[in-house]
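The structure appears below as C-alpha cells.
This is how it looks when you write it as C-alpha cells:
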C-alpha cells in the first residue's frame with residue numbers, strides 16, 4: 086500500500102511530461118484554431134480596453150481551476166496541485182498563442198506592444214482551456230488510479246461539476262463565432278418570431294442531447310426519474326449558455342452602443358451554439 090502511495094506521489098518522468106504537454110498542445114490548437122484565424126479577433130486585440138484584458142486573465146484562470154478540479158486527468162489532486170497546473174496551462178496558452186500568431190504574421194515587428202498584448206491574451210484564453218481539456222481527454226486512459234477514488238472525486242460536488250463543465254463547453258463552442266459580425270447581422274435582421282423559434286429550438290436541442298446522454302448511462306428502472314432530471318438539467322444548461330454568451334458578447338464589445346432589443350437578440354443567436362457546447366460538454370469534455 087505504501088509503495089502504491091509513493092508511486093502516485095512520485096513526479097512524472099520526462100517522457101510522461103512530454104507526452105502530457107503534447108496532448109495539451111493538440112487540445113489547445115484543436116479548440117483555438119478557428120479563433121487564431123479569425124480577423125475580428127485580431128481587430129479586437131488591437132482596440133480592446135486594458136481593463137477587459139485584466140478581467141479575462143483571472144476569468145480564464147478560474148475556468149481552468151474548475152475544469153482541472155472536476156474533470157481534469159488527476160481529479161484526486163489537491164487544490165494546490167490544481168492551482169499550479171492551471172497556472173502552467175495559462176502560461177503555455179500564452180506561449181502557444183504568441184507562437185502561432187507570429188507564424189501567421191499577426192504579431193511581430195511593426196505591431197505596437199498594446200496590439201500584440203491584446204491579441205496574444207485573447208487567443209491565449211481559449212488555447213489554455215484547450216490545453217487543459219486536451220491533457221485530460223487524450224490521456225483519459227493513462228491513469229492507474231482512476232477507480233473508486235476517482236469516482237468519489239466526481240461525486241463530491243455533482244452540481245458544481247456539471248455547471249463548470251457545461252460552462253467550459255459553452256465558452257469553447259460559442260467563442261468561435263462570438264467575435265464575428267455575423268452574430269450582429271443575424272440579430273438585427275431576424276424577426277422576433279424567428280428569434281423565439283431559435284430560443285425554443287436551442288432549449289429543445291439541449292434537452293435532446295442531455296436526454297440521450299443520460300439514457301445511455303442509466304438503467305431502465307432509473308429512466309422515469311431521468312426525464313425530470315433532463316428537464317431540470319436543460320434549464321440549467323440553457324441558463325449557463327446564456328450566461329457564457331453574455332460574457333463573450335460583452336468582452337468583444339457587442340453590447341456597446343446597441344439597444345436592449347438588439348443585445349437580447351444577439352444573446353439568443355449566440356445561445357444556440359452555446360447550448361450545444363454546454364450540453365455536449367457533459368460527455369465530450371469529461372473523460
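In the numbering used here, the protein residues as written are 86 to 372. C-beta: ideal position from N, C-alpha, C; glycine also. Predicted model, so just to flag it, every value in this text is computed and none were measured.
Problem - Nearest-angstrom Cβ-Cβ length linking residue 257 and residue 339, presumed shorter than 8 Å - result: Contact flag wrong, Cβ pair sits at about 18 Å.
Practice task
Alpha carbon to alpha carbon, how far is residue 327 from residue 126? Give it in angstroms, no decimals.
Solution key: Spanning the alpha carbons of residue 126 and residue 327 requires a straight line of approximately 21 Å.
Exercise for the section: Could you pull the start and end residues of the alpha helix (DSSP H) that residue 191 belongs to? Expected result: For residue 191, there is no enclosing alpha helix (DSSP H), as DSSP marks it with neither H nor E.
Practice task
Determine, using beta carbons only, whether residue 131 and residue 178 come nearer to each other than 9 Å.
Solution key: No, the Cβ-Cβ distance between residue 131 and residue 178 is not below 9 Å.
Handout entry: Cβ neighbour criterion (16 or more within 10 Å) applied to residue 320
Key = The C-beta of residue 320 has fewer than 16 other C-beta atoms within 10 Å across all chains shown, which makes the residue exposed.
Exercise for the section: Measure the beta-carbon distance from residue 361 to residue 290 and round it to whole angstroms, keeping in mind my assumption that it falls under 8 Å. Expected result: About 6 Å separates the two Cβ atoms, so the contact holds.
Problem - Extent of the continuous alpha helix (DSSP H) run through residue 216 - result: Start and end: 198 to 222.
Practice task
For the segment 189 to 203 and the segment 169 to 177, state whether three or more C-beta atom pairs, one from each stretch, are separated by less than 8 Å.
Solution key: No: the two stretches stay apart, fewer than three of their Cβ pairs being nearer than 8 Å.
Exercise for the section: Kindly list the residues whose CB is nearer than 6 Å to the CB of residue 233, restricted to its own chain and excluding five residues on each side of it in sequence; keep chain order. Expected result: Bear in mind that the predicted position of residue 233 carries a pLDDT of just 43, short of 50, making it too unreliable to give a figure here.
Problem - Rounded distance between the beta-carbons of residue 108 and residue 219, thought under 8 Å - result: 5 Å between Cβ atoms; contact.
Practice task
Tell me whether residue 133 sits in a helix, a strand or coil according to DSSP, three-state version.
Solution key: Residue 133 falls in the coil class under three-state DSSP.
Practice task
Take the Cβ of residue 216 as the centre, count every other Cβ of all protein chains shown within 10 Å, and call the residue buried at 16 or more, exposed below.
Solution key: Residue burial is scored here from C-beta neighbours: residue 216 has at least 16 other C-beta atoms within 10 angstroms and is therefore classed as buried.
Problem - Supposed close pair residue 280, residue 180 - CB separation, criterion 8 Å - result: Not confirmed; about 41 Å, so no contact.
Handout entry: Which of helix, strand or coil DSSP assigns to residue 236
Key = Note that residue 236 scores a pLDDT of 48, beneath 50, so its modelled location is shaky; the value from the coordinates is reported in the next line. The three-state secondary structure of residue 236, taken from DSSP, is helix.
Exercise for the section: Work out the CA separation of residue 145 and residue 252 for me, nearest whole Å. Expected result: Cα-Cα distance, rounded: 12 Å.
Exercise for the section: Would you tell me roughly how many angstroms separate the C-alpha atoms of residue 207 and residue 278, rounded to the nearest one? Expected result: Computed Cα separation, rounded: 34 Å.
Problem - Rounded separation between residue 350 and residue 170 - CA only - result: It is roughly 38 Å from the alpha-carbon of residue 350 to the alpha-carbon of residue 170.
Practice task
Apply the 10 Å Cβ neighbour rule to residue 282 and answer buried if 16 or more other Cβ atoms are within range, or exposed otherwise.
Solution key: Looking at its Cβ environment, which holds fewer than 16 other Cβ atoms inside 10 Å, residue 282 is exposed.
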